[in-house]
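Residue numbers (the numbering used here): 12 to 427.
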């Protein structure tokens, strides 16, 4: 027998509708919970951003805050104006804005901060707990007693201690102890009584980049593999190196130019200079001469060759004829300028007698005589005019006498 298809029965339709009535609310609940979780997570991330800015602000301004009046309140507008939050940061979350109170712990004298949201729509208990649990650090909320409570009940605080008036249904965040210590970043500006904030605790790797516009570079040592270029340099200790080349003078205010071994100073252009190769003599490099328009002065002057002068030889010290002298061969002068020489240990004048004087008598008129001795014969004549002088004998010589302006004969010297 063939059956006829009569369609869906009423019972089946009612069964489907019943199932949908039971499932749809659960689906909507799940969707709503998911959307709430997304909203709460976004709210927690927003709160974390603000809380980080508060932490940096308090750490950077700790000395100023401690010196000022507390408690003190700040808002997102303060942090945006100070540069701790970007200018595009939204000051509200769920329609709620943030306010932070900063106070000093009476026992530790350290700064503490409490933030709560205010205004806008209040969150449910579940919403507050969820947001608080996702906040980094000490996240919490404001309960019905208007106390700030940690997400897991781990802490509580009183907003009025921070100058705050927080309402129920709003989130809270606490910053205490190490959370408000100075950040690890190197401060660009000086903080009063806190030089450690501008101090590095490890090496800086510049990755071959420069340090520009340095005022004064202070330190213990510098190890460089390249060149140093500077306008001036001041060193309080020693400078060591292989060679030194300057385009100007080398000046020592209170020291020496010290060389070692057989080195000294040399002019590389002309090959002259000074050096020492023993403990006695200062020597000229390449046996160069000394040229000066001034004086050369010393204890003694020795010439291994001839001694030349372009003018006169001036002997300042005087000697006395007949006085003892040493060694033989010395040349001097007496007080009148007459030349003396050291002979046989005695100063003698040029042409002086080689023995004692003996009176051989006197004559009037003419005199004829012969020098038969080994000494010098002196003949003195006076009161006459010289008519003629004649001499004879082997090897004799006559030295013409000196005649005064009156024409009188002063002396006549005959010698063999």
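For glycine and all other residues, C-beta sits at the position ideal for the given N, C-alpha and C.
In this text, all values refer to a predicted model and were calculated from it rather than measured experimentally.
Q. Is residue 140 buried or exposed, if buried means 16 or more other CB atoms sit within 10 Å of its CB?
A. To locate residue 140, count along the chain shown from 1; it is residue 129. Under this definition residue 140 is a buried residue.
Q) In whole angstroms, what is the alpha-carbon distance linking residue 115 and residue 79? A) Translated into positions along the chain shown, residue 115 becomes position 104. Translated into positions along the chain shown, residue 79 becomes position 68. C-alpha separation (whole angstroms): 11 angstroms.
Q) Going by alpha carbons, who is nearest to residue 55 out of 182, 224 and 173? A) Translated into the one-based positions of the chain shown, residue 55 becomes position 44. Sorting 182, 224 and 173 by C-alpha distance to the C-alpha of residue 55 places 182 at the top.
Q) Starting from residue 149 and walking both ways along the beta strand (DSSP E), at which residues does that stretch end? A) To locate residue 149, count along the chain shown from 1; it is residue 138. Looking at the DSSP string, the run of the beta strand (DSSP E) that includes residue 149 is 149-153.
**Q.** Ordered list of alpha helix (DSSP H) runs contained in the stretch 310-355, each at least 4 residues
**A.** none
Q: Assign residue 107 to one of three DSSP states: helix, strand, or coil.
A: Within the chain shown, residue 107 is the residue found at index 96, counting from 1. Note: residue 107 maps to strand in three-state DSSP.
Q) Is it buried or exposed for residue 323, if we count other Cβ within 10 angstroms and need 16 for buried? A) Taking the chain shown and counting its residues from 1, one reaches residue 323 at position 312. By the 10 Å Cβ count, residue 323 comes out exposed.
Q) Taking DSSP as the reference, what is the three-state secondary structure of residue 168? A) Looking up residue 168 in the chain shown gives position 157. Strand, per DSSP.
Q: Indicate the three-state DSSP secondary structure (helix, strand or coil) for residue 66 in the structure shown.
A: Within the chain shown, the letter at position 55 stands for residue 66. Residue 66 falls in the helix class under three-state DSSP.
Q. Ordered along the chain, which non-local residues of its own chain (more than five positions away) have a Cβ less than 7 angstroms from that of residue 293?
A. In the chain shown, residue 293 corresponds to position 282, counting from 1. Result list for residue 293: 285 and 287, in chain order.
Q: Take the Cβ of residue 246 as the centre, count every other Cβ of all protein chains shown within 10 Å, and call the residue buried at 16 or more, exposed below.
A: Position 235 of the chain shown, counted from the first residue, corresponds to residue 246. Label assigned to residue 246: exposed.
(Q) Within a Cβ cutoff of 7 angstroms, which residues of the same chain sit near residue 359, ignoring the five residues on either side of it in sequence? (A) Taking the chain shown and counting its residues from 1, the one referred to as residue 359 is at position 348. Cβ contact annotation for residue 359 (same chain, cutoff 7 angstroms, sequence separation greater than five): 332, 351 and 352, in chain order.
Q: Kindly indicate which residue of 218, 299, 336 and 219 has the alpha-carbon position closest to the one of residue 277.
A: Residue 277 sits at position 266 when you count from the first residue of the chain shown. Per the Cα distances, 299.
Q) When the Cα of residue 62 is compared with those of 136, 185, 200 and 259, which residue comes out closest? A) Stepping through the chain shown from its first residue, residue 62 is reached at position 51. It is 185 whose Cα lies nearest to the Cα of residue 62.
**Q.** Per-residue DSSP class, three states only, for residue 102
**A.** Mapped onto the chain shown, residue 102 falls at position 91. In this structure, residue 102 counts as coil in the three-state DSSP scheme.
Q) At what residues does the beta strand (DSSP E) containing residue 91 begin and finish? A) On the chain shown, residue 91 is found 80 positions in, with the first residue counted as 1. Per DSSP, residue 91 belongs to no beta strand (DSSP E); it is in the alpha helix (DSSP H), 87-93.
Q. Contact between the stretch 94-101 and the stretch 159-172: three or more CB pairs below 8 angstroms?
A. no
Q: Below 8 angstroms CB to CB, which residues in the same chain sit around residue 280 once its five sequence neighbours on both sides are set aside?
A: Mapped onto the chain shown, residue 280 falls at position 269. Cβ neighbours of residue 280 beyond the five flanking positions: none.
Q. Is the distance from the Cβ of residue 153 to the Cβ of residue 113 below 8 angstroms?
A. Numbered from its first residue, the chain shown carries residue 153 at position 142. Numbered from its first residue, the chain shown carries residue 113 at position 102. Taking 8 angstroms as the Cβ cut-off, residue 153 and residue 113 do not qualify as a contacting pair.
Q) So, residue 89 versus residue 109, is the Cβ gap smaller than 8 angstroms? A) Numbered from 1 along the chain shown, position 78 holds the residue referred to as residue 89. Numbered from 1 along the chain shown, position 98 holds the residue referred to as residue 109. Not closer than 8 angstroms, so no.
**Q.** According to DSSP, residues forming a beta bridge with residue 295
**A.** Translated into the one-based positions of the chain shown, residue 295 becomes position 284. Residue 295 is bridged by DSSP to 285.
(Q) Do residue 150 and residue 159 have their beta-carbon atoms positioned less than 8 angstroms apart in this structure? (A) In the chain shown, counting from the first residue as 1, residue 159 sits at position 148. In the chain shown, counting from the first residue as 1, residue 150 sits at position 139. Result no, Cβ atoms of residue 159 and residue 150 do not sit closer than 8 angstroms.
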